[in-house]
Amino acid sequence: MTGASTGIGAAFARRLAGDHFDLALVARSRDRLVELASGLEKDHGVTCAVLPADLTAAKDRERIAAAIAGDKGSELLINNAGFGTVGPFAQLDFEREEDEIRLNVIALTRLTRAALPGLIERGRGSIINVSSMAAFQPAPLNATYAATKAFVNSFSESLSEELRGSGVQVMALCPGFTRTEFQERAGIDASGIPSLAWMSAEAVVDAAVAAYARGDAVCVPGFGNWAMSSVTAAMPRALVRRLLGAASARVLRHR
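In terms of my numbering, the sequence shown is residues 240 to 494.
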């Protein structure tokens, strides 16, 4: 599981440990991973491998990919690591934008490729790719992030259909506003977002587990998020761009 040290990743880790799964936890922060792993092992009697890695770096990606490919008993890969950036694209640091693509797209794709042959050979298992509500529409001032998540959705849905009948399932999980460190790290002022729009990481994971059990290829957790994605899908694309551009600009002015 990538991005395991905080937020949705940590919530997945707690849920799976509670269901008595042994885990391999991947994130940049060794200290956070060790703390999480120690607590899960103590509370649930599971084994947690700690694999610190920066998945924007090719060397670390290949190291984690090799570990995944070499695990002959793995049943589930959760690609959760990711981050976003906010601002006019022409003014953003391009190295940071490239890292965003490397993590959100290249690492996810590489680790999925590492996991699939073994899962297919064993005829069972699953991959959950954590996407975003941003995948469903353009996001002015959040352009790179939305584009990476649109890739995640398309990629995951395509694999889901490719693997039909194989015993292997791929699902895209598309949360909306979730109470994690994501907004702060991205520089998003979330103070004006109403409380009803938010979900806890645990609620997102609960929705993901239920959607997985149904065999869904895409999970949009929470009725409000589902309604929003349905409404924007029915609206003219040009109108969606204008509305989201105005909303993003308002957030940016208050940073």
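Glycine included, each C-beta is placed from N, C-alpha and C at the ideal position.
Non-local C-beta neighbours of residue 252 in its own chain, meaning closer than 7 Å and more than five positions away in sequence, comprise 240, 243, 262, 264, 275 and 279, ordered along the chain.
Of 330, 481 and 339, the smallest CA-CA separation from residue 321 is found for 339. In the displayed model, residue 240 falls within coil according to three-state DSSP, outside both helix and strand.
When C-beta atoms of the region 464-472 are compared with those of the region 402-410, fewer than three pairs fall below 8 Å, so the two segments do not count as touching.
Looking at the DSSP output, residue 318 bridges to 368. For residue 264, there is no enclosing alpha helix (DSSP H); the enclosing beta strand (DSSP E) covers residues 262-266. The C-beta of residue 358 has 16 or more other C-beta atoms within 10 Å across all chains shown, which makes the residue buried. Rounded to the nearest angstrom, the gap between the Cα atoms of residue 344 and residue 324 is 14 Å. Annotation for residue 293: 267 and 299 place their beta carbon closer than 6 Å to its own, counting only its chain and skipping 5 residues before and after.
A contact between stretches requires three or more CB pairs, one per stretch, nearer than 8 Å, and the region 444-457 fails this requirement with the region 471-480. Around the Cβ of residue 333, a 10 Å sphere holds fewer than 16 other Cβ atoms; the residue is exposed. The distance from the Cβ of residue 366 to that of residue 354 is about 6 Å, consistent with a contact at the 8 Å cut-off. In the DSSP assignment, residue 412 falls within the unbroken beta strand (DSSP E) covering 407-412. Taking 8 Å as the upper bound for CB-CB distance, residue 362 and residue 405 are in contact here, some 7 Å apart. Counting other Cβ atoms within 10 Å of its Cβ, residue 281 stays below 16 and is therefore classed as exposed.
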